[in-house]
Structures are given as structure tokens and as C-alpha cells.
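The structure appears below as C-alpha cells.
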Amino acid sequence: MGSAFVYAAARTPFGRFNGALAGVRPDDLAATALRGVLAKLPRLDPAEIGDVVWGNANGAGEDNRNVGRMAVLLAGLPVTVPAATVNRLCGSSLDAAMIGSRTVESGDADVVVIGGVESMTRAPWVLPKPSRAFPAGDVTAVSTTLGWRLVNPRMPKEWTVSLGEANEQLGERFGVSRERQDAFAARSHVLADAAWNDGFYDDLVVPVEGAGLARDEGIRPGSTPEILAGLKPAFRPDGTITAGNASPLNDGASAVVLGSQAAADRIGADPIARVAGRGACALEPQMFGYAPVEAANQALRRAGIGWDDVGAVELNEAFAVQSLVCLDAWKVDPAIVNTRGGAIAIGHPLGASGGRVLGTLAHVLRERRERWGVAAICIGVGQGLAVVLENVSAS
Numbered sequence: 000m001g002s003a004f005v006y007a008a009a010r011t012p013f014g015r016f017n018g019a020l021a022g023v024r025p026d027d028l029a030a031t032a033l034r035g036v037l038a039k040l041p042r043l044d045p046a047e048i049g050d051v052v053w054g055n056a057n058g059a060g061e062d063n064r065n066v067g068r069m070a071v072l073l074a075g076l077p078v079t080v081p082a083a084t085v086n087r088l089c090g091s092s093l094d095a096a097m098i099g100s101r102t103v104e105s106g107d108a109d110v111v112v113i114g115g116v117e118s119m120t121r122a123p124w125v126l127p128k129p130s131r132a133f134p135a136g137d138v139t140a141v142s143t144t145l146g147w148r149l150v151n152p153r154m155p156k157e158w159t160v161s162l163g164e165a166n167e168q169l170g171e172r173f174g175v176s177r178e179r180q181d182a183f184a185a186r187s188h189v190l191a192d193a194a195w196n197d198g199f200y201d202d203l204v205v206p207v208e209g210a211g212l213a214r215d216e217g218i219r220p221g222s223t224p225e226i227l228a229g230l231k232p233a234f235r236p237d238g239t240i241t242a243g244n245a246s247p248l249n250d251g252a253s254a255v256v257l258g259s260q261a262a263a264d265r266i267g268a269d270p271i272a273r274v275a276g277r278g279a280c281a282l283e284p285q286m287f288g289y290a291p292v293e294a295a296n297q298a299l300r301r302a303g304i305g306w307d308d309v310g311a312v313e314l315n316e317a318f319a320v321q322s323l324v325c326l327d328a329w330k331v332d333p334a335i336v337n338t339r340g341g342a343i344a345i346g347h348p349l350g351a352s353g354g355r356v357l358g359t360l361a362h363v364l365r366e367r368r369e370r371w372g373v374a375a376i377c378i379g380v381g382q383g384l385a386v387v388l389e390n391v392s393a394s
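The letter at position 286 of the sequence shown is residue 285 when you use numbering that gives the first Met the number 0, and the numbering goes up by one with no holes.
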């Protein structure tokens with residue numbers, strides 16, 4: 000078995016729900032990220048791409064019928080480049096990276112492009128078909144933007160609570176205060192704003208034609224714990240989770256080029272990082288926020304290292320509470336986590352977030368000259384994924 004390496008990463012700016020990217024179809028967002036990442040490797044002949052693996056959590060609207068293949072065609076790649084779409088909800092594009100890295104390691108392809116897309120704004124309402132002809136009553140259109148819908152009645156009620164309620168339960172179980180959550184959320188905004196001001200994202204983010212969006216739309220530079228403390232709880236009257244300490248609804252796409260060491264000449268670049276370990280974990284559905292804990296521990300074991308070796312962590316901030324619970328379990332220094340901002344500020348377009356955290360991690364490792372890093376994400380219905388990267392320029 001060979002190794003799989005990260006060669007390049009790109010993403011669109013992440014737009015707010017009904018914001019600057021609301022008029023852009025998800026398949027066009029995906030094509031933008033795909034063209035953007037390949038533009039960073041001008042010597043790579045797109046015909047050399049052995050596969051494209053794309054993440055998407057919805058698939059009920061304009062992202063239907065294999066949006067990964069649609070992205071290939073809309074991006075102008077040769078029709079001979081194959082593509083698949085995977086759905087592991089919030090972890091879809093990190094799952095795509097895991098699949099793509101295995102494909103490279105096995106020798107089935109030397110170059111694989113992975114990525115993901117979500118337009119939560121444009122996610123459609125759906126109408127279930129009636130069980131009998133000519134029903135006389137009303138029917139309800141169901142939003143596919145986020146969370147449980149059209150739930151099987153055989154599912155236990157405790158499994159199908161809202162994502163917010165599940166994280167209120169997580170906060171109670173582990174004793175995470177509202178104050179810690181608000182402080183964590185404010186830090187996310189401050190660091191994301193600083194990253195943009197420092198030019199960190201200039202090499203990672205590609206513009207969306209006609210959108211007029213120069214940077215992630217949800218960043219609030221003036222956020223403080225005191226301001227966030229004034230927001231009302233969103234899921235319980237006496238709860239701790241608010242619109243300010245949870246990730247928003249977003250639109251966006253991300254992409255990463257993976258390849259073998261032998262493909263470096265054809266790709267025309269040196270690799271940035273090696274995929275060193277992967278992990279997946281599943282728990283009770285309502286415990287999804289805690290699932291990255293064991294996923295990351297698995298990935299580290301498979302990489303042959305421990306938390307003491309890790310110099311950078313990119314953890315998708317679905318909610319501040321679940322992020323804090325994971326950090327507490329790992330006993331990791333918070334100063335190495337999401338140093339360039341996280342999803343609470345940047346946004347969480349479901350299918351795109353895994354590619355974002357992986358691409359950001361590769362660049363953070365290079366920037367900080369750290370050898371080992373972990374990208375991790377929680378996933379609705381009780382799952383978590385993680386990938387360990389090794390900065391090959393520091394090995």
C-alpha cells in the first residue's frame with residue numbers, strides 16, 4: 000500500500016442563509032470549487048484525474064442525480080473523468096476524503112479530487128406521495144434544509160430529538176456552562192476575522208462569479224462573550240444554546256486534490272501533507288456531538304501517534320457545547336484548535352465542511368510548521384469522522 004497526499008485545497012466563501020450565494024445553484028458552487036482547486040495546479044492534465052468523490056447532505060433539489068458528476072461536467076473537465084457523490088450528512092466531504100485517500104493508497108488511482116457542496120438556502124420543500132389516490136385532506140410540505148424529517152415512526156423518540164435539543168442534553172451531561180460556550184463562540188469570530196485580515200484565506204478561497212462575496216459572510220468581528228450573553232436560548236427556555244454559539248445555516252463548496260507520491264511530477268507540485276490515519280465512530284443518535292472523540296482517537300492510533308504529538312486541530316464547530324466536550328475529552332490545549340476560526344464564524348454548509356476542515360488543517364500545519372494535525376467533524380444521527388494529516392515538509 001502506498002500513501003495518499005494532499006496537493007491543493009480550495010473553497011468558495013461561505014454565504015449566509017438567504018445571503019450572497021442564495022442565487023447560485025449548488026451544482027454551480029461545486030463546479031466553482033472544482034475549477035478553483037485545479038487552477039492551483041496548472042500543470043495537471045484533468046484527464047489524469049482517476050475519480051472525483053463529492054460530499055452532499057441533501058440531494059433533494061438542484062443537487063440531485065450525483066452532484067459530483069454534475070460538477071465535473073459543469074467545470075468543463077473531460078467527460079471521461081468519473082465522479083460519485085457520498086452522503087454522510089455533515090461529514091460527507093470528509094468521508095469523500097477518506098474514500099479518495101484509500102483509492103490512492105490502493106493504487107486504483109494516482110489522482111483523486113474530493114470535495115463537497117451544500118446550498119442550505121436552496122434546499123427544497125418536499126411533499127410525500129399519498130398512500131392512496133385522491134386524498135381529500137391537506138398535505139404538508141417538509142423543509143429539507145436541516146435535521147430530521149419524514150421520520151420513521153419506529154424510531155425511538157429519544158433518538159429523533161432536534162439537533163439543538165441533543166446538544167442541550169450533551170451540555171447537561173458534561174456540565175458545560177453557557178459562559179464557556181459564548182467565550183468559545185466569540186473566539187471563533189475573532190480568529191476568523193484575523194485570518195482574513197492576515198491573508199491566510201487568500202490562497203484557499205476562490206470567488207463565486209457574480210456573487211460579489213469577498214469573504215465568509217457570517218463572521219462578526221465585534222463578537223464578545225458579553226454581546227453573545229444577551230442572546231436568548233434557541234431550543235429551551237432555560238437552555239444554553241443560542242444562535243450565537245452554534246453554527247449558522249450556510250451555502251458553499253470545498254475541494255481538495257489528493258494524489259500519490261509518484262504522481263507529483265504529473266500534478267506539477269510538491270505534496271503538502273500525508274493522510275496518516277482515519278477514524279469513524281457511531282453512538283446513540285442524540286450523542287452525535289460526542290462522536291468525534293473516539294473517531295479522532297482511532298485515527299491517531301492508526302497513525303501511530305498520540306495527542307501529545309498533535310500540533311493543530313481543525314474541529315468543525317457545529318455547536319460550541321459539542322466542541323468543548325470533545326476538547327475536554329481529548330485533554331488538548333485549546334490554543335491549537337481552530338486557530339484560523341471555526342464553523343461558528345465561518346459557517347457550516349453541511350456537505351462542504353469536511354473538505355474545509357481538511358484543507359484548512361493542511362495549510363495550518365504548513366503555516367505553523369507543525370508535523371501532526373487532526374481534522375474532525377460530528378455528524379447527525381450519531382456519527383463522527385476524523386483524519387490525521389502529517390505535514391510532509393516537517394517530517
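Note that CB positions come from ideal geometry on N, CA and C, so glycine has one too.
- Annotation: the continuous alpha helix (DSSP H) that includes D327 extends over A319 to W329.
- In this structure, the alpha-carbon of N17 lies about 14 Å from that of H347.
- Straight-line measurement puts the Cα of Q321 at about 14 Å from the Cα of E313.
- Taking each of L28, R64 and I226 in turn and checking the Cα distance to V116, the smallest one comes out for L28.
- Counting only residues of its own chain and dropping the five nearest sequence neighbours on each side, G341 has a CB closer than 6 Å to the CB of S187 and E316.
- With contacts defined by Cβ atoms closer than 8 Å, I335 and A311 form a contacting pair.
- The C-alpha of L360 is placed about 16 Å away from the C-alpha of G90.
- Bridge partners of N390 according to DSSP: A272.
- When DSSP states are grouped into helix, strand and coil, W195 belongs to the helix group.
- Under the DSSP assignment, I376 falls in the beta strand (DSSP E) whose first and last residues are W371 to I378.
- In the structure shown, the three-state DSSP call for G54 is strand.
- Two segments are said to touch when three or more pairs of C-beta atoms, one from each, lie closer than 8 Å; by this definition the stretch 12-26 does not touch the stretch 271-285.
- Of the candidates E167, R148 and R179, the residue whose Cα lies closest to the Cα of E225 is R179.
- In this structure, DSSP gives A281 an extended state, which the three-state scheme calls strand.
- Secondary structure note for F4: its beta strand (DSSP E) is the uninterrupted segment F4 to R10.
- Taking the Cα positions, T223 is about 50 Å away from V78.
- Pairing E366 with R273 gives a Cβ-Cβ distance that is not under 8 Å.
- In the three-state DSSP reduction, V363 falls in the helix class (H, G or I).
- Between G251 and K330, the alpha-carbon positions lie close to 32 Å from each other.
- Across the structure, P220 and G136 are spaced so that their CA atoms are roughly 49 Å apart.
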